[in-house]
Every structure is written in C-alpha cells, then in structure tokens.
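Report on the structure given below.
4 protein chains.
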Amino acid sequence: MDRKIRLGMVGGGPDAFIGAVHRKAAALDGHFDLVCGAFSRSYEKSKETGEALHLDSERVYESYDQMFEEELKRPENERMDAVSIVTPNHVHFDPAKKALENGFHVIIDKPITFSLDEAKELEELTKSTGRVLALTHTYTGYPMIKEAKHRIAAGQIGDLRKIYVEYPQGWLASSLENEGNKQASWRTDPEKSGAGGAIGDIGTHAANLAEYVSGLEITHLCADVRTTVEGRLLDDDSSALLKFGEKVSGVLMATQVATGEENDLRIRLYGSIGGFEWTHTDPNTLLFKPHEEPAQILRAGTGYLTDLAAKNTRLPAGHPEGYLEAFANIYVEFATAVNDHFNGSYKSADDYDFPDAAEGVRGMAFVQNMLKSSGSDKKWTEFKV
Amino acid sequence: MDRKIRLGMVGGGPDAFIGAVHRKAAALDGHFDLVCGAFSRSYEKSKETGEALHLDSERVYESYDQMFEEELKRPENERMDAVSIVTPNHVHFDPAKKALENGFHVIIDKPITFSLDEAKELEELTKSTGRVLALTHTYTGYPMIKEAKHRIAAGQIGDLRKIYVEYPQGWLASSLENEGNKQASWRTDPEKSGAGGAIGDIGTHAANLAEYVSGLEITHLCADVRTTVEGRLLDDDSSALLKFGEKVSGVLMATQVATGEENDLRIRLYGSIGGFEWTHTDPNTLLFKPHEEPAQILRAGTGYLTDLAAKNTRLPAGHPEGYLEAFANIYVEFATAVNDHFNGSYKSADDYDFPDAAEGVRGMAFVQNMLKSSGSDKKWTEFKV
Amino acid sequence: MDRKIRLGMVGGGPDAFIGAVHRKAAALDGHFDLVCGAFSRSYEKSKETGEALHLDSERVYESYDQMFEEELKRPENERMDAVSIVTPNHVHFDPAKKALENGFHVIIDKPITFSLDEAKELEELTKSTGRVLALTHTYTGYPMIKEAKHRIAAGQIGDLRKIYVEYPQGWLASSLENEGNKQASWRTDPEKSGAGGAIGDIGTHAANLAEYVSGLEITHLCADVRTTVEGRLLDDDSSALLKFGEKVSGVLMATQVATGEENDLRIRLYGSIGGFEWTHTDPNTLLFKPHEEPAQILRAGTGYLTDLAAKNTRLPAGHPEGYLEAFANIYVEFATAVNDHFNGSYKSADDYDFPDAAEGVRGMAFVQNMLKSSGSDKKWTEFKV
Amino acid sequence: MDRKIRLGMVGGGPDAFIGAVHRKAAALDGHFDLVCGAFSRSYEKSKETGEALHLDSERVYESYDQMFEEELKRPENERMDAVSIVTPNHVHFDPAKKALENGFHVIIDKPITFSLDEAKELEELTKSTGRVLALTHTYTGYPMIKEAKHRIAAGQIGDLRKIYVEYPQGWLASSLENEGNKQASWRTDPEKSGAGGAIGDIGTHAANLAEYVSGLEITHLCADVRTTVEGRLLDDDSSALLKFGEKVSGVLMATQVATGEENDLRIRLYGSIGGFEWTHTDPNTLLFKPHEEPAQILRAGTGYLTDLAAKNTRLPAGHPEGYLEAFANIYVEFATAVNDHFNGSYKSADDYDFPDAAEGVRGMAFVQNMLKSSGSDKKWTEFKV
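Residue numbers (the numbering used here), protein chains in the order written: chain D, 1 to 385; chain C, 1001 to 1385; chain V, 2001 to 2385; chain Y, 3001 to 3385.
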C-alpha cells in the first residue's frame, strides 16, 4: 500500500512564483504532505511562508543545509522523504546534490542546473545513490501531449517529417528587470540564470516537448539567438532550424519579446499520412489531421483516448484542466516512483513517465548548443551532450 | 491567524465523480485537511476510499450519523470543523441539517436539496445555527465570470437588455442509465435526483450563473421542458424565455441530449453600450464587445483585471486554470468564512463571495417554476420562491 | 448551350447596400450581363449609377414601369430577360408582379414582400405565368449549409431532436435611424419595412435556414418580440421557442441589439446519434459531432464532401469563400432555371436549389406568426400560412 | 470617366485552376469585359473554354501570338486593352514580353517568370514601354493585411523586432504528381515550374507578404530547403531564418507536406510596444496585441479601420469576404492604373497598391537566394537581386 510522501521545499518564499505552483501541484491529488521547508535565504521570510502554510514552526529552517541535517535526526516515520527544489537556477545543484547524497528523493524545477557539467554530475548521482529525481518540464504532463506521443509511436501519422515547436511570450518586451520585477530580475541575470536567458527559461521546454512527443532527438541545429531589449544581459529571443537525424527536420522558436503574447507553447508534427497540433492556449484539445480526411478534434476526458491520456486526466470531457493539473501529473508519477522505492521495486527513472536527470542534461546541452551555433558562421552545429 | 480547517466528507466513494472533485478542490490551496469521512453506504467501500486517501482508519465511518457523533467526542483541537456533502441529491438534506445542528460548517454540492421545502429549511438553519453553508455552483468560481460581474455592476456595458445562457451537454443522448452508468442512473432517477433531471443538474447552474453575473433575478419564465430519450424518467432537455423584470429579457437552454457536446456552459450579456461573452470551453477568456469599437480579449492572470478576478487566479496569464481551480475558489472563500467564524467575525454568508443557502433556495425554486411553466398553457409563469 | 442572361435591376442606387451585392453576385460567375436598370426614384441618381456601371445610357430608366415598357420594345435577342429587385420591402411586390406579367424572370431580395397577402399573390403569379422567381435567402447558398442539409437527410445524425438557430447583430443597439443612417431608417420604418423589424430583416433568414437544413417546418412557436431602443417604431429583438412537429423542438433568437455583434447567424442541430454546427463567422467549416467520437471539422473545397457542396464551391480547401459567393450560388442556380426556361425544360422552381416564392410566403407568415404569438397570453401559437 | 477594360487571357483552359480565379476576380466589380483568349495550347480546348464563357468565337485564338496580332488589327475602341497571363511559370515571360511590346497592359500570375533574368527583363520592359504590369500576389489584397501595413507604418507597435511568416499546405504530402493530378504535375516539374517548387509556389507569397506588411526587405537568409517525398523533382518543404537588416529578424516556413493543412498562410509581427497577427483561415480578422493591455479583434468592414482597409472591403462587418475578393482588389487597382494610362495620368506602378514587376523580381531572387543558402555551409546568405 502506498503512503503519503513527506515533502520538504527549498525556495518558494513570499515573492516566488514557481514555489506556490509546486505546492499546489503536490497537494492536488493527496499524495504528499508538505512537512518542512527552507523557503528563503532570509529566515524571516522563510518563517513568514511557513506560517502561511500552517507548518510546524520547528520544521521551518534557516537553510537547506540545516533542513537536511535536522530532518535526518528525526525518526524515519516522521522524517522528510523528498525535497522540492524551486530556487533560481544557480541554487539548484547544491541542494539537489546534498539531498541525493543524504538519501532524499528530489523533484526539481527546470532547467536542472546552472551549467551542463552540474547536470551531468546530478545524473551520475541519481545512479550512484539510487534516489529518484524528477524534473518539472510541465508541458509533458498534459494528457493530450501524452496522447500525441502515444499515437505517433503507434504510427498514426506515418513516418515523421516535420516538427514545428514555438514558445512565444511577450512579458519581457520591455525592460522589466529594471522596474523591480523579481521574476524578470533573476531570469535576465547571468549569475543566477546561467548562460541562457529565454533559451534556458522557455527554449528548454520547447526542445524537451519536441523530443518527448516525437520520440526523436535533436541531432543538429542552426540558431539565431538574440538580445532584443537594450541593456539586457541575456538572450530574450531565439529561432533555430533543427534536424532530428537526416529524415526529420524542424523549426524552434522561443522568445520573450513577442509583445502581447502570453505563454502559448505550440507544437505541430507532420508525418507521411497525418499531422498533430497542440497549443497550450487550449491544452485539452489535440487536433489530428489525417491526409485528405476531415481533421478530428481529440478532447481530454473522452472515452476514445489511450490509457496514458486517461491516467493523466481527472475530469470528464468539457471540464477544463490546466497548468496545475499538468504539473500535478508529474508529481503523481514522482510519488509512484518514490513509493516503489519504499517498496523496493524502483529500478530507474526510465521506467516512469516523468522527465528526469537525462532530460535535464539534454536541456543544459540545448542551451550550450544554441549559444555555440548562434556564435558560429557555420550553418549546422552538431548537438553534443 | 487563520488555521487549516479539518474537513469531513459525506459521500464520495469509489465510483463517485464529484467527491474526488471536492477533495482536490479542498486540497489545492492548503486550507483544509481531510480528516474523516463516511464515503459510502457500504462500509467496505467507505474503508476502501479511506485507505486510498491515507486516512486514519478510526475516522472512516459507517454512516454520517456515526461520524457526527464520534467526531463530537474528540477534543476540539482535533475534531472535524466542517463537512463536505457530495452524495446524490436525495441524501443532501439530512446530513446537512444534522451537521448544522451539531455545530459543523457545511459545504454542499448543488442542487442544495431534493425539494424546495428542504432548501428553505436549510436556509433557516444556517440562520438559527449561525454556521457557514456554501453551495458549490462551480461556474461562479471562475475569475473571468467575476470580472464580468464586476464590470457590469460598474456600468461598463450600460443598461442590461439581454441575457443568453446555455448549457449544452450530450452525454445523455443515449439511454446510458440502462447501460450500468452510475452517474446517469441516479441523475435520471426521480427518487434520487428530485423533480428535475437536466433542469436540476445543469439548468440550475445556468440560472445561477445568469443571476450572479447580471446581479438581477429571474422574475418570469416560459419553459419547454422535455424528455427526449424514450423511457427516461426525468427531463433531459429544456429551453425557456426569461424576464429579469420588464426591461431585461433572456433565453436559457439546458440540455443533456445535444449529441456530441461536452459541457459548454456559455453566457452572453448585452447592454446599451457593450456586451460580454464567456464560455466554459475557454474559461480564462472574457470577450468584451464595446459598441462600434474593436472587441477586447480579456484574459485571466493579466494586470488589467479587477481585484476580484485577480484574487481568484493563481497563475500569470497564459497558464490555464480550469474547473478544479474554479471549484477551489469556492473552497477558499468558504475557508475564509469558517476562519472568520473561529475568530468571531463571521456574520452571514452574504458577506462572502460564494453561493449559499439563498442561492440553493433559488435553484430549487427554478426547478419547480420550470416544471410549472412547462405544464402550463399560459405563456408567462411568475418565478416564485 | 446556355447563354448569358440579360439582367435589369430595380433599385440599387448610390446609397444602397444590397443592390451592389446583387450586381457582384450576378457578375462573379459570368452568367449574367447587366444591361439596364431603374436604380432610384430620382432619375438623376439612377443615371449616376448607370454611368458608374458603364451602362448604355438609353437603358437607364426613370422608373421600372418605363423599363418594362421600353425593354419589351427591343428585339428579343437584345431585350432584358430577367430583373433583380433590390428595393426596400414596400417596393417589392409591384415591380415583381409587373415583371412576371410581362414575361420577365425575377430574382428578388428578402423578405419577398411587404405583406403576407402580397407574397401569396406572387406565388400564384409564378405558377400562372410559368416564370422563374428566386428569393435571395443568402445563407442557404453556403456550401457547408448544403452539406449539412444533405447529411441530415441521409440520416447521419439520426432522428433530429433539437434545433438552435440564432442571429445576433448589434448595429441597431443605438438609435441609428435618427442619425441619418439610410439602412437603419427604412428598416425601422413600418411604412417601408412592413410589420416586422428585426424579425423580418433577419428573423426570416434564421427561420428559413432552420427549415432548409433540417428539411422540417416550424409548426408552433412561442415568441417574445421586443422593441428595446426607445422611440424605435419596429421590433429590434426577438426570441422564440419552436416546435417542428411534436418530436423536434427548437429555439430561435434574432436580435439587432446584441451590442458588439456583427452578423453571426449560427445553427446547431442535434439528432439521436450526432450533431452539426455552422456559424457564419467561419462559413467554410461545418462541425460534425458524432456521439462519443471525436468531432470532425468538415471543410469546404475538400474531396470528401457531397456533390451538392462541391457544386457550390469554387476554390480548393483553405481558400475562403464568403458572403458574395454564397449569394452568387443563388444567382448561378437561377441562371440554370432561366436557361432551362429558354430551352423549354423548366417546369417549376421546386426542381432547383434556390429559395423561391414558397419560401417567401413562409417568411412573411413567420413575421405574422411571431407577432401574433408575442401579443398572445397563450404559450403556443400554431404556425399558419 | 473611367471605362470598362477589355481583357484577353493567355491560359486558363478546361483543367486550370488559377485561370477561373482570374476571370471571377476580374468580373466581380464590373471593371473588365473578357473579350478574347488563347486558353490552351490545344485549339479544341481553347474553343471549348471560349464557348463556356460565351465569348465571340472569332476572338478565341490558337495561340497568344495570333491573339496579339489579330487584336491589333481591330479598331481601337474594340481591341483588347490588357491581358491576363495565367499559364504555368515557363509560359509567363514570352507572352508578357510580347504583350508589353505590343502596347497591351499585363496582369500576370506569380511567380512572375521562370527565371530571375526574365523577371529583370520584364521589369525593364514595363519602364521602356510605359505599360502597366500587375502581379497577383493575392494575399496582399486582403483588407486586414493592408490595415496591418498601415498601422505598422504609423508606429502602432513601435520598432519592429520580429516577423514570423509561415505557409503550410499538405496537399503534396503524397506523390500526387504521379497520380495524374495536373496541378501537382507542372508544379513539381522543373521544366515548367522553374528552379523552385514550394519555395516558388508559396514561399514567394510568404516572403512577399512579410515585406509588404512590414515595409522592410529581407537582407539575409539561412535556409533549409528539402524534398521530402521520394522521387519528387523539386523542393516541397523549406524553412529559413531571416534578417531584415540588423535589428529585425524573422522566420519563414513554406511547406507543401504539412499533412492535413490546407492553405493557412499566417503572419505575426512584433514590435517594441505591440504585435499583429493575421491568418488566412480567418482573413477578415486582424489581432492587435498591445503590450500589457487586452488584445483587440480588428474586423473588416467596421467603421474604425483606415481608409486603405475600407477601400478594399465591399461588405459591412460580419459578411465574410475571401480569396476571390482579395484577388479582385488587385484587379480593381490594376483597372485604376490602366484607366489612368488611358487618361494620360499614369506614371509608374509605384503609385498604386498592387504588386508589380519589382515584387516579381524580388520573388524570383527569393527562390534563387533560398536555393543558394540551402546549398551552402555558411550560415547567412546575403539576399541579392
């Protein structure tokens, strides 16, 4: 019998965005109890958050180091099992490493680390420690994305030929980082975000989605990475031609200066006998476009979907599920893996349908390859990990 | 300081739909702990559900009577504070009445009761006991519905003239109740559902939404209530002309035999200088249509919305929220009222933005007036409570 | 071999809207030559229009009486064959009657006449004279409407149960008739428009569309016809419950005060095994919604449509056709009938796919029945012709 | 006073697609009379077409050479004024050249010629002969495209930063050219189509649209041009990164193997303070997205548009216009230029809002530059004419 997992959190203090998302996603389906946290570098802020969350004040910590130390002292049937890491990118690696080394399972926001080398080290650590690590590439949590993946694998659109993936946002069209916006500040700061701006923040989502749905890997890319807003320290706009081997090509666009756009990640895949289209604006719909036949509107929650989609859907058709539910799907699958670990049946993250350290490594490599290509006069850059 | 509310549940066993919805909605924002339940008339099934929810087996009860009795014996700082009632309609009144009489707060699925008289009695009980009762008319929980309500009250579309509200579903287009579908069975059974079929199940939502957004009350109606599928025992399709006083008229459609439709509740309101349109298929959007100017796409999570919408939104624009989040908005507001009760500042449900017993009474009256009108040769039936 | 038809026009002077529509629709497919006209009561304006149209000035007339007289004097191989009547409603009957009596074929804008009696007299005249009369209920000219009609007749959605038809416009939300708008002026003037305002101008389109697509006739209605804008002399808003016999019911909405709406005629039909939806905003799409299967997006210009749709489409899929093309489809079919008349093979309008005098009579009866019902305390009014 | 223009046609025989489009577009607004034609290399087919069009059989010719010769013999007030050239690409240059040299005005389908050199020669000829030449890049004829162009020029979205233009079709996803499809055959035949397949057929439209709306020119591109379907002789899929100078970048996609897609040309332009989006699937709508404000739905036929849009719209809002109307807008502007030529006021095509030889040259250069870039290992290829 599965049990509730006791969760701790690193980051997610008062002004954070993604911390609250993780907490709601963890809470939704009843598989986790948030029991402790080190929510902020400021102990005052951490306590403020802990109180708002009705946590035992003893388990609100000054630092993640303290949290790991103190929690280890608690009896096993009370101690934190797993930790959510929801800090800015430059504070991903250290807590994740220490958590794994101390026997805690880890669920971590993307991109997995600050640098590719750190990502590789984490991947190694998941192997050496045997602990579970999940990476919250939210968009692969949507049921209709899973439906598309399944149908493509089953040959429903024939041999893949073309993949278009785009991720337009507009919120950084102006110099928000100079107007006191905390989200904008760290995301455009190379010391906190890493080498990539938009390519790290959203480009990695787009690349991950394309690879997840198609079941293919980007082998070459040709990128134009730009900083559009004057004075900005990291890229805010990028486009790339892609190859997934020699037979399949694609285009990727990821920008945070598409003024007026919100968060409209969109993917289209075309094969020899059909196509699929999904957009985040209407995530419960997947368009299936068979050649010379009427397009079909596939809808989440219906009876004709695959088990994979059904498993990741809570409600009947016509009851919209959204971003938090997709996020929660990753937490649910993470919970399954952690419970399997408790029960001794966990082997590796590959057996589960959540993004893991391997995807994290590819994400960091994506950032590096995009920058390399953009700086090069050569058309094609091989995608190296 | 607010505290977490200890929640019990009546109904919501293994095959139930709405029970799980209530649990997820209650869990999402961290204001509730589910501590006990009487999930099914079958104790076995109740225990099965309790285990799946990781509940203390001592607090999984054989009946709600037992639950109320046993919980009252517990110390105050452990005892259930409030109860979710998620049974079929014919088992709404009794547990709600007993809960209120025993000092528990109540959150209850719609329609509030089996009959109008029961609804009125509950309304009285909320007054005499001073306890909080919230009714989960989900759709009024959507932020863009609240935005529309606010803007209409502020005069943004001038004097209201016309309200169209429609609620088409198609799932009962065939005789599902004879194919072992549990949801269909009780909803088409007059002994469990009450006098209304579709008009009770979804018509009440439509009427409630129209009144909530417009701030007006239906004063007259002219209904055509039908049973379309042969052998069905309750109505499955209805239409009505409406008056909201003499100046504002409307049309209401609620059907469960609109073959191929999912759950597309939709409302359009037109005034002398503009109109609003909202549809459940795309709930994060509200179309604003000023006369002779471009229509505006108002979106949840943006900076230009009212506080009311912002308060009921968790995510930035472009991160879709859905049905569970709207549901959770009602739970959040219920939690506020219950905490106010703890703190001695609660006066009446009218001070909170959730549907309460008064809306429950109007819903039951709606069913009765629709049936009365449909059976009458007279064009207009006055809406009587 | 068919030949080009020589067309005259009554109405359609400088400020007219629908006259230009008729001219473009007639020109589009090359079956007509506009050879003469009496475009306005003012001879000056008529000449102005004639010149702009590059007409022979001798064939621009002072009145339609003069036009009929003079054209009859011309040799047969030069003489006008048919006349387009595009005047306001109160000047429909007289020119149509005289045209038929003088042997000319007639294509006439809707509503067919000022009164029901006139409509019946015209219907009789088409029989006694054996001349062709077509009525431009534009919306039945759309290929996807024809596709829906064909598929319903073929049983694709099973037994029809429900028809929703709505026609919301917003242009008359303010008192435009008092601001010098010519279109608004005559349409709200009972001396020019007839007994119906919105119900005549657009309600007749909605009713005609519902009957055309379903293949059924309205047998009873229950109407709420209103004048919303102060001082207006005719109705500007209406709703009605409908019966199409005992088994099929419906709702009709036709309003010109749905502020911010343009011209979004929309029809939804539901049967026992599927539904169809079409909206004028996206006229090249027909949604087909089979029960418990994915909805299909049927598109004009594709290879999988029926011959009826294909015949009324000029372009491959993805090349939008619109209002003028739908209008032109009626002209094309009218041309076929007129050429058949030339060749001696014309029997009656029933053999052609255009609205004729019979639809004109039903349209005028619709106006009369709506008004009768709206003034009555009885719920149901039998639809009498 | 303007007069009707007497039009001849080269190409457009029985199986042609675009010939009929030109004829309908020319007919729609009454500015042209089709008086003669050389519709096919087969005289039989040419006569068949002439008869179907009710042409004088004397003016249906065996060849365009004969047509030019014979028409020149006719008196000036009867003689053809202008010629539509609607043949496959390899038969564009010769008739166009001879027409201009013989004093006829020319309206010609795109791409303008078979090769870039021919295009340049035609451009020279328009200058030396002073005759009018219009090129039917249809999509620039849409009113909402013109609205976007105007508003961008007026600074409504600030400094342009990003242009995405895409043109996905799916009809060539299978080897249609080997199944007897005439349209597919010549378009995939390098002897008839020229060096470009999809890049010539639709890529030129996309490039032209991007340059027209933005008012900028592509200066560099980085292309991946592919032949996807085995055995096909020309490209059927392409993507390119674009530069419009150093400050503005873009992405262009043009493919005929996006299985299931119809003809969904789409453009998005983003500037420092707003964005625009237009798609051919819904051509009467232009989305305007100001930064941090609600998006606006701009609609053709409304009162708030610019004169440029209004001039290119025939109907009030909500009455859809489509492809033929956009096409006809080019014919109307061509007619104005030709009449100005008659009246002696014509100077050059630059004074008119239709695509001319200069755009034709850029289109041919686009094909050449795309192929050059695609064959190169260098990332950026300068766009040379």
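Cβ atoms here follow ideal geometry from the backbone N, Cα and C, with glycine treated the same way.
Closer than 8 angstroms at the beta carbon, the chain C residues around residue i
i                  : result
ASP2001 of chain V : Looking at the sequence itself, residue 2001 of chain V is Met, so the reference to Asp does not match. In chain order: nothing, as chain C lies at least about 47 angstroms away.
Cutoff 9 angstroms: residue i Cβ touching any chain D Cβ
i                  : result
TYR2352 of chain V : no
THR1281 of chain C : yes
PHE2288 of chain V : yes
GLU1051 of chain C : yes
ASN1089 of chain C : no
Rounded Cβ spacing between residue i and residue j (contact assumed at less than 8 angstroms)
i                  : j                  : result
THR2049 of chain V : GLY2008 of chain V : About 13 angstroms separates the two Cβ atoms, so there is no contact after all.
THR136 of chain D  : LYS120 of chain D  : Rounded, the Cβ-Cβ distance is 19 angstroms, inconsistent with contact.
GLY322 of chain D  : GLU1321 of chain C : 5 angstroms
PRO2294 of chain V : GLN296 of chain D  : 4 angstroms
Below-9 angstroms beta-carbon distance, residue i vs any chain Y residue
i                  : result
ASP2467 of chain V : With chain V covering only 2001 through 2385, there is no way to say anything about residue 2467 of chain V.
ALA1154 of chain C : no
LYS378 of chain D  : yes
ARG2314 of chain V : yes
ARG2320 of chain V : The displayed chain sequence assigns Pro, not Arg, to residue 2320 of chain V. Answer yes: the Cβ-Cβ gap between PRO2320 of chain V and chain Y drops below 9 angstroms somewhere.
Proximity test, Cβ basis, 9 angstroms: residue i and chain V
i                  : result
ASP3109 of chain Y : no
ARG1362 of chain C : no
ALA1173 of chain C : yes
ASN3208 of chain Y : no
Contact list for residue i against chain Y, beta-carbon separation under 8 angstroms
i                  : result
GLY1303 of chain C : GLU3292
Chain C contact residues for residue i, given Cβ-Cβ distances below 7 angstroms
i                  : result
ILE2297 of chain V : Neighbours of ILE2297 of chain V on chain C: none; closest Cβ ~13 angstroms, over 7 angstroms.
GLU179 of chain D  : Ordered by position in chain C, no residue passes the 7 angstroms Cβ test against GLU179 of chain D, which lies about 12 angstroms from the chain.
LYS247 of chain D  : Those within 7 angstroms of LYS247 of chain D in chain C number zero; the least Cβ separation is about 34 angstroms.
CB contact below 9 angstroms: residue i versus chain C
i                  : result
VAL21 of chain D   : yes
PRO75 of chain D   : no
ASP2224 of chain V : yes
GLY2274 of chain V : yes
MET2370 of chain V : no
LYS317 of chain D  : Reading the sequence as shown, one finds Ala at residue 317 of chain D and not Lys. Chain C contact via Cβ: present.
LEU324 of chain D  : yes
PRO2168 of chain V : yes
Amino acids of chain Y, ordered along the chain, whose beta-carbon sits closer than 7 angstroms to that of residue i
i                 : result
ARG161 of chain D : THR3228, VAL3257
Neighbour list for residue i in chain Y, Cβ cutoff strictly below 9 angstroms
i                 : result
TYR346 of chain D : The premise fails here: TYR346 of chain D is roughly 40 angstroms from chain Y at the closest Cβ pair, so nothing lies under 9 angstroms.
Interface residues of chain D facing residue i [CB-CB closer than 7 angstroms]
i                  : result
ASP3237 of chain Y : LYS162
VAL3213 of chain Y : The premise fails here: VAL3213 of chain Y is roughly 16 angstroms from chain D at the closest Cβ pair, so nothing lies under 7 angstroms.
| query | Where are the alpha helix (DSSP H) runs, 4 residues long or more, that stay fully inside the region 2031–2099 of chain V, in chain order? | reply | 2043–2052, 2064–2073
| Counting pairs of beta carbons, one from the region 1122–1137 of chain C and one from the region 1343–1357 of chain C, are three or more of them closer than 8 angstroms? | yes
| task | Ignoring anything shorter than 4 residues or poking outside the region 1201–1238 of chain C, list the alpha helix (DSSP H) runs there in chain order. | result | 1204–1214
| request: Could I get the ranges of all uninterrupted beta strand (DSSP E) runs contained in the region 2139–2166 of chain V, with 3 residues as the minimum, in chain order? | output: none
| said: Measuring CB atoms only, is the region 1020–1032 of chain C touching the region 362–380 of chain D, in the sense that at least three cross pairs come out at less than 8 angstroms? | reply: no
| task | Evaluate the contact criterion for the region 132–151 of chain D versus the region 326–344 of chain D: three or more CB pairs, one atom per stretch, below 8 angstroms. | result | yes
| task | Could you tell me which uninterrupted alpha helix (DSSP H) segments, each at least 4 residues in length, are contained entirely in the region 1298–1344 of chain C, listed from first to last along the chain? | result | 1307–1311, 1323–1343
| Does the pairing of the region 3052–3064 of chain Y with the region 3149–3158 of chain Y give three or more beta-carbon distances under 8 angstroms? | no
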